[in-house]
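There are 2 protein chains.
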Amino acid sequence: MPKDRKAYCLEDIKMRILTLDIAPGSDLDEASLCERYGMSRTPMREIFQRLGGEGYVELTQNRGAKVASMDLAVMRMFFQTAPVIYASVARLAAENRQDEDLARLRALQNDFRTATEAGDAGQAALLNHRFHLCIGEMARNPYLLPSLKRMLIDHTRLSQTFYRPASDDESARVAQAVDQHDAMIAAFASRDAERAVDLTIDHWNLSRDRLERFVTPDPLPINVLTERGGAHAV
Amino acid sequence: MPKDRKAYCLEDIKMRILTLDIAPGSDLDEASLCERYGMSRTPMREIFQRLGGEGYVELTQNRGAKVASMDLAVMRMFFQTAPVIYASVARLAAENRQDEDLARLRALQNDFRTATEAGDAGQAALLNHRFHLCIGEMARNPYLLPSLKRMLIDHTRLSQTFYRPASDDESARVAQAVDQHDAMIAAFASRDAERAVDLTIDHWNLSRDRLERFVTPDPLPINVLTERGGAHAV
DNA sequence: TGGATACAATATGTATACATAACATGTTCA
DNA sequence: TGAACATGTTATGTATACATATTGTATCCA
Numbered sequence: 003m004p005k006d007r008k009a010y011c012l013e014d015i016k017m018r019i020l021t022l023d024i025a026p027g028s029d030l031d032e033a034s035l036c037e038r039y040g041m042s043r044t045p046m047r048e049i050f051q052r053l054g055g056e057g058y059v060e061l062t063q064n065r066g067a068k069v070a071s072m073d074l075a076v077m078r079m080f081f082q083t084a085p086v087i088y089a090s091v092a093r094l095a096a097e098n099r100q101d102e103d104l105a106r107l108r109a110l111q112n113d114f115r116t117a118t119e120a121g122d123a124g125q126a127a128l129l130n131h132r133f134h135l136c137i138g139e140m141a142r143n144p145y146l147l148p149s150l151k152r153m154l155i156d157h158t159r160l161s162q163t164f165y166r167p168a169s170d171d172e173s174a175r176v177a178q179a180v181d182q183h184d185a186m187i188a189a190f191a192s193r194d195a196e197r198a199v200d201l202t203i204d205h206w207n208l209s210r211d212r213l214e215r216f217v218t219p220d221p222l223p224i225n226v227l228t229e230r231g232g233a234h235a236v
Numbered sequence: 003m004p005k006d007r008k009a010y011c012l013e014d015i016k017m018r019i020l021t022l023d024i025a026p027g028s029d030l031d032e033a034s035l036c037e038r039y040g041m042s043r044t045p046m047r048e049i050f051q052r053l054g055g056e057g058y059v060e061l062t063q064n065r066g067a068k069v070a071s072m073d074l075a076v077m078r079m080f081f082q083t084a085p086v087i088y089a090s091v092a093r094l095a096a097e098n099r100q101d102e103d104l105a106r107l108r109a110l111q112n113d114f115r116t117a118t119e120a121g122d123a124g125q126a127a128l129l130n131h132r133f134h135l136c137i138g139e140m141a142r143n144p145y146l147l148p149s150l151k152r153m154l155i156d157h158t159r160l161s162q163t164f165y166r167p168a169s170d171d172e173s174a175r176v177a178q179a180v181d182q183h184d185a186m187i188a189a190f191a192s193r194d195a196e197r198a199v200d201l202t203i204d205h206w207n208l209s210r211d212r213l214e215r216f217v218t219p220d221p222l223p224i225n226v227l228t229e230r231g232g233a234h235a236v
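As given, the protein sequences belong to chains A and B, one line each in that order.
Heads up, the first sequence is in my numbering, so the first residue is 3 and it goes up one at a time.
Heads up, the second sequence is in my numbering, so the first residue is 3 and it goes up one at a time.
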């Protein structure tokens, strides 16, 4: 069983970073992770190098691994870059997809829909991640894939709240996102690149709206104190 | 001195892959590389993971590291993807560059021009690589940079012949490429994004022409034997 | 008090030894 | 002969011990 323990560990750490279980900017502690996954430092350090190469963490000489941060300067780039990457990948995926790809994608979409309906937010965000990663692999383009992967890391981290809808309006948006996935699958199936791109842009716009609100949330009401608690001074 | 031996080793292996000193598709031998760079397997294996993350090599479980291959299916993607990546990066570089960036870029361009004039092909290709990597860093976009880096690996490997001009016409093309770099620097300096993009596309078209000829070289003349050696049978 | 230094504690980097898996070679038996 | 199996060799993966670097803390002195 120690055969794929390393692979499991790598995937699990990725998952924990994506679900914000390990916070952006925080340090990865070699020793405690070794204990947690029951392995020695040597393979753990190799995992760190891998995570660094894929953009999950930043590595500094003699200073360990730090989870990639999401400061505002980077967020600006995120919103600026997402459309061109997602659209380019969608076009290529429509052109180059194989039949096996569609089966995988449909299976992921199935699980994704189930997770959203069950209200399992972390799982939904993770399955959405895998869905879009699958599209990236369908594109069969080793040059775009690294950027897509890097985008999806932050997209998934940002969207953690998206699948935890707090109102009927937000629930409707989630349902709409799920339906958009189905439409995208249909476009890929018929190799309709133009339609795949259009749907992808629509999908992005829906997501963008919600994400921007997460980055710059509605300001707290400034008159709360005078309205409700004005009687006693603070 | 064992302090940055690892960093040197990493850079040196990258360089040897870029200059085709280590051939695409060939296996990296842990033991011999350890001996060559005078280090043990532990840090060398970490270097392999890093190289894997950046797309220089492909890692397989229990089967070591193999230098990224350049088969024709991938080459098609290369030519398809390069314009959008290079153009996007150029635009952002023009928008986000700092004064220090320009100094670095000018220094690289200086060395690059010198190398081309001296006919040092390997060094010229490598400095061209660093020049474009510097532009990528100027863009300050962590999402696009991974794809740019991946593109530049293959671009540099493909262009190894470019800087070894075999005719006056080819020499003129190299000189033109060098001049285009100067024009691009000027566009970055004046933060003229549109011009930077246009120049980048021109630069790509010049390069593309030459690279395609490398991938699909002129066929050998089919009548050589009858013309010159027809007298004696083979 | 403040800052500089020394030293201990911790974290990171490397080397070696051992464990396991893949591969090649040779042998046996039908 | 040749196909299946056994075995030795090589390559890869992991654990541990040790080396080095960084960081925190205490002490000393101006």
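Don't be surprised by glycine CBs; every beta carbon is placed ideally from N, CA and C.
For clarity, every value in this text was computed on a predicted model and none was experimentally measured.
| Asked | Found |
| --- | --- |
| Taking Ala67 (chain B) as part of the beta strand (DSSP E), name the residues at either end of that continuous run. | 67 to 69 |
| State yes or no: is the beta carbon of Ile87 (chain A) nearer than 8 angstroms to at least one beta carbon in chain B? | yes |
| Apart from the five residues on each side of it in sequence, which residues of its chain come closer than 6 angstroms, Cβ to Cβ, to Ala92 (chain B)? | Ala198, Val199, Thr202 |
| Out of B:His157, B:Ser209, B:Phe190, which one is the CA nearest neighbour of Ser173 (chain B)? | B:Ser209 |
| Where does Leu146 (chain B) sit, in a helix, a strand or coil, going by DSSP? | coil |
| Can you find a C-beta in chain A that's less than 8 angstroms from the C-beta of Val217 (chain B)? | no |
| The beta strand (DSSP E) with Leu61 (chain A) in it runs from where to where? | 59 to 61 |
| Going along chain A, which residues have a C-beta under 9 angstroms from Arg52 (chain B)? | Gln51, Arg52, Gly54, Gly55, Leu61 |
| Evaluate the contact criterion for the stretch 103 to 111 of chain B versus the stretch 55 to 73 of chain B: three or more CB pairs, one atom per stretch, below 8 angstroms. | no |
| Please return the same chain residues whose Cβ sits closer than 6 angstroms to the Cβ of Val217 (chain B), not counting the five positions on each side in sequence. | Met77 |
| Compute the Euclidean distance between the alpha carbons of Ile49 (chain B) and Thr163 (chain A), then round it to the nearest angstrom. | 37 angstroms |
| Rounded to whole angstroms, what is the Cα-Cα separation between Asp220 (chain B) and Arg175 (chain B)? | 18 angstroms |
| Tell me the residue span of the alpha helix (DSSP H) that contains Tyr39 (chain B). | 32 to 39 |
| Asp29 (chain A) by DSSP, collapsed to three states: which one? | strand |
| Residues of the stretch 135 to 154 of chain A in Cβ contact with chain B at a cutoff of 9 angstroms, in chain order, please. | Ala141, Arg142, Asn143, Pro144, Tyr145, Leu146, Leu147, Pro148, Ser149, Leu150, Lys151, Arg152, Met153 |
| Can you have a look at Ser90 (chain A) and say buried or exposed, based on whether 16 or more other CB atoms are within 10 angstroms of its CB? | buried |
| DSSP state of Ala105 (chain B), grouped into three classes? | helix |
| For Ser209 (chain A), return the contacting residues in chain B, with the cut-off set at a CB-CB distance below 8 angstroms. | Ordered by position in chain B, no residue passes the 8 angstroms Cβ test against Ser209 (chain A), which lies about 15 angstroms from the chain. |
| Applying a beta-carbon distance threshold of less than 8 angstroms, which residues of chain A neighbour Glu48 (chain B)? | Arg47, Glu48, Gln51 |
| Taking a contact to mean a Cβ-Cβ separation below 8 angstroms, would you say His183 (chain A) touches Phe114 (chain A) in this structure? | yes |
| Is there a C-beta anywhere in chain A that falls below 8 angstroms from the one on Ser34 (chain B)? | no |
| Decide if Gln100 (chain B) is buried, meaning its Cβ has at least 16 other Cβ atoms within 10 Å, or exposed. | exposed |
| Given this structure, state the Cα-to-Cα distance separating Asn207 (chain A) from Ala25 (chain A), to the nearest angstrom. | 26 angstroms |
| Tell me whether the beta-carbon of Ala84 (chain A) lies closer than 8 angstroms to the beta-carbon of Met153 (chain A). | yes |
| For the stretch 10 to 35 of chain B, which residues have a beta carbon sitting closer than 7 angstroms to at least one beta carbon of chain A? | none |
| Starting from the Cα of Arg43 (chain B), find the closest Cα among B:Val59, B:Lys8, B:Arg142, B:Gly27 and give me that residue. | B:Lys8 |
| Counting only Cβ pairs nearer than 8 angstroms, list the residues of chain B close to Phe80 (chain A). | Tyr145 |
| Counting only beta-carbon separations shorter than 8 angstroms, does Ser90 (chain B) have a partner in chain A? | yes |
| Jot down the residue ranges of each uninterrupted alpha helix (DSSP H) in the stretch 151 to 218 of chain B, minimum 4 residues, whole runs only, in chain order. | 170 to 191, 195 to 217 |
| Look up Asn64 (chain A) in the DSSP assignment and say whether it is helix, strand or coil. | coil |
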